[in-house]
Amino acid sequence: MIKSTFKIRNTGVILLFAVVGLTIIIISFSPYHSHKELSYRAVKQTIEINAPVEQVFLYMGNSANATKWSVYVDHITPLNMNEYADGTAGCTRRCFTNAAGTGPTWDETIIITDMFKRRRLNIFNMVNFSLSTENLLTEQLYEIINENKCRLTLTLFLDPIKKGWPDQMKMYFTAYQINNIFARNLVNIKKLNEEFFTHIK
-4 MIKSTFKIRN TGVILLFAVV GLTIIIISFS PYHSHKELSY RAVKQTIEIN
46 APVEQVFLYM GNSANATKWS VYVDHITPLN MNEYADGTAG CTRRCFTNAA
96 GTGPTWDETI IITDMFKRRR LNIFNMVNFS LSTENLLTEQ LYEIINENKC
146 RLTLTLFLDP IKKGWPDQMK MYFTAYQINN IFARNLVNIK KLNEEFFTHI
196 K
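For the sequence shown, the positions run -4 to 196 when the numbering used here is used.
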């Protein structure tokens, strides 16, 4: 009986150490981390696009284009276009991951628009996610390389004022999938914008 209890206790300790060790590894290698060019910890992906920054900025502000470039979102529907133009500060949109609207959905409001430089969006009302995080913000950052070339960066991060320990832990784990989605989205955005710019030149 004593040996059996000791064996069960040892197994429990080993499992606990394994879980702690795995968690440390996941956090250590997570794409959610600090970046020298950002003032916040974030998931971040960047790509250079052979098209003018004005074109790319306006393209990303058009909700209808998400159907073409996003590998995760099926479509985006603006919710208050009678008050705010699509892609401008104050615009609220609902994001759907499938055509029927039965999969994960979320709302996002553009809270900052710095023309041809930045958009910041607040993400909320997340539905049908197995693991959802509160207090999420995302940015589109635009840099001019020359008149026909720009750099686009996508970031996802927690509101520095509202973030808490549970949200931080969720971000470390979900960052792997988000990082992959960002990378694939940027490849599509680059391809579509370069094709369009080549066509109109």
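Glycine included, each C-beta is placed from N, C-alpha and C at the ideal position.
#1: Once the 5 residues before and after Ala94 are set aside, which same chain residues still bring their CB inside 8 Å of it?
#2: Return the first residue and the last residue of the beta strand (DSSP E) that Thr133 is part of.
#3: Leu149 and Leu181 - do their beta-carbons sit closer together than 8 Å?
#4: For Leu177, does the count of other Cβ atoms within 10 angstroms reach 16, so buried, or fall short, so exposed?
#5: Counting Cβ pairs closer than 8 Å, one from the region 182 to 195 and one from the region 158 to 170, do we hit at least three?
#6: Is it the case that the region 49 to 62 contacts the region 24 to 33, given that we only count it when at least three CB pairs across the two stretches are under 8 Å?
#7: Are the CB atoms of Cys145 and Glu138 within a distance shorter than 8 Å?
#8: Can you grab the Cα-Cα spacing for the pair Asn175 / Pro155, in whole Å?
#9: Tell whether a beta-carbon distance below 8 Å holds between Thr72 and Arg89.
#10: Check for me: the beta strand (DSSP E) holding Asn188 runs from which residue to which?
#11: Roughly how many angstroms lie between the CA atoms of Lys158 and Phe119, to the nearest whole one?
#12: With a threshold of 16 other CB atoms inside 10 Å of the CB of Gly85, please say whether the residue is buried or exposed.
#13: Looking at Phe111 and Phe52, is the spacing between their C-beta atoms short of 8 Å?
#14: The beta strand (DSSP E) that contains Leu53, what's its start and end?
#15: Can you tell me the Cα-Cα spacing of Arg179 and Ser65, whole angstroms?
Let's see:
#1: Leaving aside the five residues that flank Ala94 on each side, the residues in its chain whose CB is nearer than 8 Å to its CB run, in chain order, Asp69 and His70.
#2: Under the DSSP assignment, Thr133 falls in the beta strand (DSSP E) whose first and last residues are Leu131 to Asn141.
#3: Yes.
#4: Per the sequence shown, residue 177 should be read as Phe rather than Leu. Note on Phe177: 16 or more other CB atoms within 10 angstroms of its CB, so buried under the neighbour-count rule.
#5: No: the two stretches stay apart, fewer than three of their Cβ pairs being nearer than 8 Å.
#6: Touching, no, given that fewer than three Cβ pairs across the two stretches are closer than 8 Å.
#7: Using a Cβ distance threshold of 8 Å, Glu138 and Cys145 count as a contacting pair.
#8: Distance between the alpha carbons of Asn175 and Pro155 is about 24 Å.
#9: Closer than 8 Å, so yes.
#10: Looking at the DSSP string, Asn188 is not in any beta strand (DSSP E); the run it does join, the alpha helix (DSSP H), is Trp160 to Ile195.
#11: One C-alpha to the other measures close to 14 Å.
#12: Exposed, because fewer than 16 other Cβ atoms sit within 10 Å of the Cβ of Gly85.
#13: Yes; because the gap between Cβ atoms is below 8 Å, this pair is in contact.
#14: Careful: Leu53 lies outside any beta strand (DSSP E), inside the alpha helix (DSSP H) at Val48 to Gly56.
#15: Using only the alpha carbons, I get a separation of about 8 Å.
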